[in-house]
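Numbering (my numbering), first residue to last: 699 to 981.
Written out below as structure tokens is the structure these notes cover.
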């Protein structure tokens, strides 16, 4: 929920006016908190309405809410810059382990900073009340879909996913009222994923997106609910590890939110699943 982090992550997708506002906030945090909206507009050569729109774009109800969050960002400084650690051929096993640990911890920390609790609640409610839950993702995102499918299936939710995107698209074409689509794509520009999302949009199916923090990506624009992962992968990615872990963290949060609504029933469902699998494995 960090205001500073949201601005740093989203800056590349901002308009020129939004960048002026963003840069002023980054350079003059305390002044932003204390100044009136009219003063801020004058200092940035923008308008009061532009500041309010910018606040809402970041997920706040208005400028006052942004200022309140900004006032809490005392420890948002250089440590929030992307921690770029690459695995090198001459690294010892010890160094490699510590680097991977730092990368993983940093990825999870930044994911939580981007998390909007109201958005998460809305996603959980959509999943709970959905007739069918469709998942779509390719490659590393497909692994996240598979994991999410296994979790939800074990607590008696009807989940539809297939590793072959063409078969999955064929199923998506037949989505009906009360279904929901969860689309996972780090870039937000995965063609096959967005084809499925566009079809869901055409059918008035609610869309939950798990994607990097870029409000201008195709997926972000199409989705009804956006859960963001940090911009942590470089052009040359070592197996998309960080983005996969961040996406898994978000699907796990949805899963925990789903079972929290009726823990006793979830326990019964998990027991049934475990007993049947145990019976099969012991034959």
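Where is the CB? At the ideal position from N, CA and C, for every residue including glycine.
By the C-beta density criterion, residue 791 is exposed, having fewer than 16 other C-beta atoms within 10 angstroms. In this structure the segment 727-741 does not touch the segment 845-856; the number of beta carbon pairs closer than 8 Å is below three.
Residue pairing by DSSP places residue 857 opposite 831 in a beta bridge. Here residue 963 carries a helix assignment [DSSP, helix/strand/coil].
Here residue 839 is buried: its Cβ has 16 or more other Cβ atoms, across all protein chains shown, within 10 Å. Between residue 956 and residue 853, the C-beta gap is smaller than 9 Å, which places the two residues in contact.
In this structure, residue 824 lies near residue 906, with their beta-carbon atoms less than 9 Å apart.
It is roughly 27 Å from the alpha-carbon of residue 815 to the alpha-carbon of residue 734. The Cβ neighbour count for residue 728, taken over all protein chains shown within 10 Å, is under 16; the residue is labelled exposed.
The alpha carbon of residue 808 has as its nearest neighbour, out of 877, 707, 747 and 876, the alpha carbon of 707. A distance below 7 Å between beta-carbons, with the five flanking residues on each side excluded, links residue 972 to no residue of its chain. Counting only runs of 4+ residues, the alpha helix (DSSP H) found wholly inside the segment 828-915 occupies 838-852, 863-870 and 889-900, in chain order.
If you check the CB distance, residue 811 and residue 710 do not come in under 9 Å. The beta carbon of residue 856 is closer than 6 Å to those of 830 in its chain, skipping five residues each way along the sequence.
By the Cβ neighbour-count rule, residue 725 is exposed, with fewer than 16 other Cβ atoms within 10 Å of its own. For residue 926, the closest C-alpha among the options 919, 942, 940 and 909 is that of 909. CA-to-CA, the gap between residue 749 and residue 860 works out to about 44 Å. For residue 722, the enclosing alpha helix (DSSP H) has its first and last residue at 714-725.
Taking each of 873, 928 and 869 in turn and checking the Cα distance to residue 883, the smallest one comes out for 928. The residue from 939, 890, 712 and 880 with its alpha-carbon nearest to that of residue 864 is 890.
In the DSSP assignment, residue 925 falls within the beta strand (DSSP E) that extends over 923-927. Around the Cβ of residue 822, a 10 Å sphere holds 16 or more other Cβ atoms; the residue is buried.
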